[in-house]
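Visitor: Okay, handing you the structure first.
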Amino acid sequence: MAEVITRCTRCILPSNYPNIDFDENGVCRVCREFDVKYGNIDWNAREKNLEKILKRYRGKGKKYDILVPFSGGKDSTYTLWMMKNKYKMRCLAYNFDNGFLDPNALVFVKKAATRLGVDLLTYSPDRELLNRVYKRALEATGEFCAACVVLMPTAIFRAADSQGIRLIAAGFSDILESPPPETSYMDRVCFKDIMKSEFNMKELKWNYFFPTFKRMFAVKQINLPNYIPWNLPEIYDTLNRELDFGKNMSSVRYDCLGTPHSSYLFKQRTGFGKYEYLYANMTRAGVISREEALRIVKEREPDEAPEGFDEFLSGIGCDRSVLNGIESKSVFNFRTRNTSFRKFAMSIRKLLP
Ligand SMILES: [Zn+2]
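Structure below.
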């Protein structure tokens with residue numbers, strides 16, 4: 056593999072990242088855009104807004120006020136902890152097993168829910184069906200994670216709706232976790248376009264076309280990291296102290312056992328790795344030092360197929376032939392929802408209680 060020569064001097068994005076350029080100080084386009092977008096956030100105002108939203112739902116549900124998607128990772132665990140203990144919401148924790156959930160994570164999820172005194176709902180969809188969805192997504196777009204990006208939120212919304220819960224609070228951080236918009240995208244229109252040759256609607260049984268009006272008007276979702284500063288050292292401290300979380304900043308890892316494989320496939324497709332952009336996000340946001348990020352990326356970003364790669368592929372009905380021509384595969388070869396319509400719908404939803 057050719058050595059990447061240039062990296063952003065602030066985050067660690069490499070020179071083969073799409074449409075990247077560096078200013079005279081070696082700072083990349085993504086960092087400059089980040090400052091424009093997130094440079095002047097008024098966190099006090101945001102937390103006040105959060106309080107306002109929560110007040111509308113607190114004590115209003117039948118049995119629960121809020122559903123918290125709970126993977127057992129730091130972000131969802133902290134979100135659940137905050138919702139229960141700081142914001143005094145009656146929580147239902149919801150765990151979705153995509154088939155690759157680390158068994159240790161599930162053990163932690165159950166223990167933590169008990170310790171928090173929160174009811175837990177777990178859902179393991181039909182594995183055979185999931186595998187077919189992963190296979191189709193991987194063969195068509197070069198990325199199998201695309202399947203979860205639609206199925207998981209769909210399942211979460213459906214669970215909230217069926218429990219009579221009108222608010223979902225997740226721990227997804229746009230700043231820290233968003234994949235590059237240049238390489239990855241998924242909406243339900245796109246998902247349907249990818250899947251339609253392999254499945255009929257009935258077969259998927261997912262209601263993954265969760266009625267849009269319901270999604271729009273009946274259940275609201277917020278992401279806690281958009282409302283309070285997401286201070287990772289403090290988050291780890293809290294979780295280790297209160298819930299024996301057993302992890303820290305340098306053991307940052309992902310509870311999906313598919314991650315090393317998806318990262319390797321991503322790198323084959325785009326030329327740079329998932330860990331590279333995830334740790335670039337963290338460096339840019341100031342939650343990890345550049346040196347530490349470079350060290351972790353060097354250690355984890357697989358140049359060769361990770362251990363168990365062939366078994367992983369055969370588990371979802373594929374083999375290494377999916378690597379043939381993977382550079383030209385993309386979700387953008389499929390139809391996606393009209394961008395201006397999507398933006399309009401999202402802005403309306405934001406205004407609603
Ligand atoms: Zn940068």
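Using our numbering, read the sequence shown as starting at 56 and increasing by one per residue.
From the three backbone atoms N, C-alpha and C, an ideal C-beta is built for every residue, glycine too.
Keep in mind it's a predicted model, so treat the numbers as computed, not measured.
1. Are the region 192–206 and the region 94–111 in contact at 8 Å, needing three or more beta carbon pairs?
2. Is Met56 buried or exposed, if buried means 16 or more other CB atoms sit within 10 Å of its CB?
3. So which residues put a beta carbon under 7 Å from any heavy atom of ligand 1, going in chain order?
4. By alpha-carbon positions, which one of Ile277, Ile211, Leu259 ends up nearest to Gly226?
5. Check each candidate in Ala348, Tyr330, Gly328, Leu320 and name the one with the smallest Cα separation from Cys373.
6. Give the straight-line distance between the Cα atoms of Gly380 and Phe246, rounded to the nearest whole angstrom.
7. So Pro158 is in the alpha helix (DSSP H); what residue range does that whole segment cover?
8. Output the distance between the C-alpha atoms of Leu206 and Gly154, rounded to the nearest integer angstrom.
9. With a threshold of 16 other CB atoms inside 10 Å of the CB of Gly94, please say whether the residue is buried or exposed.
10. If Thr338 sits next to Ile67, beta carbons under 8 Å apart, how far is it from one beta carbon to the other, in whole angstroms?
11. Going by beta carbon distance, what residues of the same chain come within less than 6 Å of Ser317, once the five residues before and after it are set aside?
12. Quick check on the burial criterion: 16 or more other C-beta atoms within 10 angstroms. Buried or exposed for Ala273?
13. Use the C-beta contact count for Phe387: other C-beta atoms within 10 angstroms, 16 or more gives buried, fewer gives exposed.
14. Within a Cβ cutoff of 6 Å, which residues of the same chain sit near Phe389, ignoring the five residues on either side of it in sequence?
15. Assess, as a yes-or-no matter, whether the region 137–153 is touched by the region 166–176 under the definition of 3 or more beta carbon pairs within less than 8 Å.
Guide: In this structure, then:
1. no
2. Within the sequence shown, the letter at position 1 stands for residue 56. Its pLDDT being 47, under 50, Met56 is placed unreliably in this model, and the value from its coordinates should be taken loosely. With fewer than 16 other Cβ atoms within 10 Å, it is exposed.
3. Cys63, Arg65, Cys66, Leu68, Val82, Cys83, Val85, Cys86, Ala335, Arg339
4. For the purposes of this step, residue 226 is taken as the residue at position 171 of the sequence shown. Just measuring C-alpha positions, the residue of Ile277, Ile211, Leu259 sitting nearest Gly226 is Ile277.
5. As a working note, residue 373 is residue 318 in the sequence shown. The shortest C-alpha separation from Cys373 is found at Leu320.
6. Locating residue 380 in the sequence shown gives position 325, where the first residue counts as 1. Locating residue 246 in the sequence shown gives position 191, where the first residue counts as 1. Between Gly380 and Phe246, the C-alpha separation is close to 21 Å.
7. In the sequence shown, the residue the question calls residue 158 occupies position 103. Counting along the chain, the unbroken alpha helix (DSSP H) around Pro158 starts and ends at 158–171.
8. Locating residue 206 in the sequence shown gives position 151, counting from the first residue. Locating residue 154 in the sequence shown gives position 99, counting from the first residue. Going from the Cα of Leu206 to the Cα of Gly154 covers about 12 Å.
9. To locate residue 94, count along the sequence shown from 1; it is residue 39. Within 10 angstroms of the beta-carbon of Gly94 lie fewer than 16 other beta-carbons, which makes it exposed.
10. The residue labelled residue 338 in the question sits at position 283 within the sequence shown. The residue labelled residue 67 in the question sits at position 12 within the sequence shown. With a Cβ gap of about 6 Å, Thr338 and Ile67 count as contacting.
11. Indexing the sequence shown from 1 puts residue 317 at position 262. Only Cys200 meet the Cβ criterion.
12. Translated into positions along the sequence shown, residue 273 becomes position 218. Burial call: exposed.
13. Translated into positions along the sequence shown, residue 387 becomes position 332. Phe387 should be labelled exposed.
14. For the purposes of this step, residue 389 is identified with residue 334 of the sequence shown, where counting begins at 1. Result list for Phe389: Cys245, Asp248, Ile249, in chain order.
15. yes
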